[in-house]
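Residue numbers for the sequence shown follow numbering that gives the first Met the number 0, so the first one is 0 and each next one is one higher.
Heads up, the beta-carbon is just placed ideally off N, CA and C, and yes, glycines get one too.
Predicted model only: the values in this text are computed from it and were never measured.
Notes to accompany the following structure.
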Amino acid sequence: MQKLESDEQEGKYGEPSKFDPSFKGPIQNRGCTDIICCIIFILAIIGYFAVGLVAWSHGDPRKVIYPTNSEGKFCGQVGTPLEKMPFLFYFNIMKCASPLVLLEFQCPTPQICVETCPDRFLTLVKAFSNPKDFSYYKQFCKPFSFTQPNIPQLLKDRVCPAMITPSRPFSQRCFPALNITKGSVVVGSNTTFDDGLGKTRNVTDLLEGARKANIVQDARQVAMKIFQDYTKSWYWILLALLIAMLTSLLFIVLMRFLAGVMVGIMIVLVIAVVGYAIFHCYMEYAALKGTPGADVSIKDLGLQTDFAVYLQLRQTWLAFLIILCIVEVVIILLLIFLRKRICIAIALIKEASRAIGHIMSSLFYPLLTFALLSLVVAYWAITAVFLSTSNEAVYKVFDNETLCNYTRTTCDPETFNTSDISKQCPLAQCLFAFYGGETPYHRFLIFFQFYNVFMFFWCCNFVIALGQVTLAGAFASYYWAFKKPDDLPSTPIFSSMGRALRYHTGSLAFGSLILAIVQTIRVLLEYLDHKLKGTQNKFTKFLLACLKCCFWCLEKFIKFLNRNAYIMIAIYGKNFCTAAKDAFFLLMRNIIRVVVLDKVTDFLFFLGKLLIVGSVGVLSFFFFSGRISLVKDTAPQLNYYWVPILTVIVASYFIAHGFFSVYGMCIDTLFLCFCEDLERNDGSPERPYYITPELREILLKNPSEEPEEKNEPIEE
């Protein structure tokens, strides 16, 4: 009965591999595969460079760095007349309370670049009567050539503001210096002020205008603070990443000699690190008990640009505590239920350690992958910045005083004062609104941006695929070497990489293309979800959620299939589709071993990554938060100390993943070769197994997993 089920399974998932006495590992005599896809990939790369050149010729990154005045010029830009004027000053910030600011993201009031923000209350009328005050006041006016200026003329032509208020620079913009005294909002020490037009206004009018103006600047302000934190801490971040790299390398080297001991230490330390994190969160939670304001909920607090505020809430630490407790319980339960399979996985890791020990250059291959990925990411990021800043300055009519029919229409600031619009709407102004354009280039800009994203995914996946095929070819050479390591090629990594680039660039591009298409569709779904968020009904929400879930699962499956297809390509030199089919059928014929062995090693490697990331992350937290007394004065003063911490944690994970991916690829390759070995050979002197006796004894110690004897005649 069992044999009948086995025969049915073999028929369903293809025929097992046959014995071939000439097969000695990765085939040397092979031909080029998937040539058409190779040509398409090369043409796509050329097109990608063309998009980059066009973006670089049109883009201007200064638009995201410097504030822009009403004429579209950059405040504080080096090498311009405004170099020494880094701050943007609003003539009447109360106009920013207009709904127009939410439509155009621009305050309907003149804006100029100034050297410093005003530090006193002063009206134009009062300043005009005192030469000393007017001399100070003129720095907040546009340049004028009147020999005998008068107040009505200056106000009518919008050359000077009607009044100035004490202000502070905030994200390179002058905002009223608002304070709260005895429950009242004040500027300086006043709750009211003269608006320069004969009216006494309440300071809360300034507050409302500042709030609306700040809507536009909040995101940029956070980004600028984060950028400042990076400039202050980048060398400490690099040091932390160097520690993560050395720790990962040391861990991998020790695994070569002490695999069982290192796995045991890794499990204990992961439980200990997560346990300490639980203890720390509880202590912070308990310390905030009774602290004023600590019991405010995160929902009531809302979104804050200063994320350190959330760490002053008990609810934040309680959330961390619950999440970490769940993680700890899940890890312990998995270790309990998988304890027997972990012993088998350790044996597989020991064999992988021996393979890596004979191919030590494989440990340094992730550095090449990291360098290539860094180039791809850098090119994508630079191109994205230039594409997003390649629009032209667009000017629109603003009139917040009268009902002008031309409001929000485009205009030319050079000819606006002599146009019909200024005659029909005397109070209207032609101000810089935003960056856009109506040329064919600007109409296709969204296409270029999606092409940039698509090629980013394709190139990244290609680099990763090249690394997987290279490592798979080298480790397959080790497995199929009958006398290890004597039968190994002299340079297995370079030989494997040469075969991959020479014969299989098209196959790698094909597999990467399929994955890139799925990833781009996921980005499009997220884009649609963002665009339709305000209008979608429940059915649309459900449909988008289902689509996002399906494509997420599809991406995971394709990554799994591609990985095993690349192993078959490295060994047999077949095209992508044939290799993917053979790999899938081989795994399905050995599905039980795949689940209980291969995935258990993935879990152990995940614990290793978690240990390295957790250790480096805890060290970074104590350093950047100034909690290590010995280096407290050395730590940089930051706006958000979580910025370098999160950067170190994320980058450390990728570094650890890069080193552990060598082990993961080694085990996947050895496992696939082991399944092939069981089908090709029977352990007899004529058809011996290539697997080491120690590993074979552990993997096949269950009699039900012992391969059946093959009575086929030996092919000569």
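A direct Cα-to-Cα measurement between residue 382 and residue 514 gives close to 22 angstroms.
Closest in C-alpha terms to residue 671, from the list 590, 290, 617, 319, comes 590. For residue 271, same chain residues with a beta-carbon under 7 angstroms away, outside a window of 5 residues either side, do not exist. Per DSSP, the beta bridge partners of residue 86 are 113. For the pair residue 355 and residue 472, the CB atoms are not nearer than the 9 angstroms cut-off. By alpha-carbon distance to residue 111, the top candidate from 83, 556, 28, 70 is 70. Residue 394 sits in a strand when the DSSP states are folded into three classes. Annotated as distal: residue 566 and residue 506, with beta-carbon spacing of 9 angstroms or more.
Taking 8 angstroms as the upper bound for CB-CB distance, residue 386 and residue 448 are in contact here, some 5 angstroms apart.
The alpha-carbon separation between residue 293 and residue 244 amounts to approximately 39 angstroms. Secondary structure in the region 509–585: the alpha helix (DSSP H) runs of 4 residues or longer, each lying completely within the stretch, are 537–571 in chain order. The alpha-carbon of residue 311 is positioned some 15 angstroms away from that of residue 320. Residue burial annotation: residue 679 is buried, with at least 16 other C-beta atoms found within 10 angstroms of its C-beta.
Only buried fits residue 160, as 16 or more other CB atoms lie within 10 angstroms of its CB. Under the three-state reduction of DSSP output, residue 476 falls in the helix class. Only residues of its own chain outside the window of five on either side were considered, and among them 508 have a CB closer than 6 angstroms to the CB of residue 40, listed in chain order. Under the 8 angstroms Cβ criterion, the region 534–544 does not count as touching the region 66–84, having fewer than three qualifying pairs. When the beta-carbon positions are compared, residue 343 and residue 474 stay at least 9 angstroms from each other.
Per DSSP, the unbroken beta strand (DSSP E) holding residue 172 starts and ends at 172–175. Residue 169: member of the beta strand (DSSP E) spanning 166–169, first to last residue. When rounded, the separation of the alpha-carbon atoms in residue 345 and residue 225 is 43 angstroms. If you draw a straight line from the Cα of residue 35 to the Cα of residue 504, it is about 10 angstroms long. Judged by their CB atoms, residue 349 and residue 258 are nearer to each other than the 9 angstroms cut-off.
From the listed residues 581, 163, 128, 410, the smallest Cα separation to residue 140 is found for 163. In the DSSP annotation of this structure, the continuous segment of the alpha helix (DSSP H) that includes residue 46 starts and ends at 34–57.
Per DSSP, reduced to three states, the secondary structure at residue 27 is coil, with no helix or strand assignment. Measuring C-alpha to C-alpha distances from residue 479 to each of 588, 688, 155 identifies 688 as the nearest. Per DSSP, reduced to three states, the secondary structure at residue 139 is helical. In the DSSP assignment, residue 367 falls within the alpha helix (DSSP H) that extends over 364–387. By the criterion of at least three beta-carbon pairs nearer than 8 angstroms, the region 645–659 is not in contact with the region 551–560. Here residue 38 is exposed: its Cβ has fewer than 16 other Cβ atoms, across all protein chains shown, within 10 Å. Put simply, the backbone Cα of residue 91 is about 13 angstroms away from that of residue 120.
If you check the CB distance, residue 282 and residue 603 do not come in under 9 angstroms. For residue 676, the enclosing alpha helix (DSSP H) covers residues 641–679. Around the CB of residue 296, fewer than 16 other CB atoms lie within 10 Å, so the residue is classed as exposed. For a cut-off of 8 angstroms, the C-beta gap from residue 494 to residue 464 is around 18 angstroms, too long to register as a contact.
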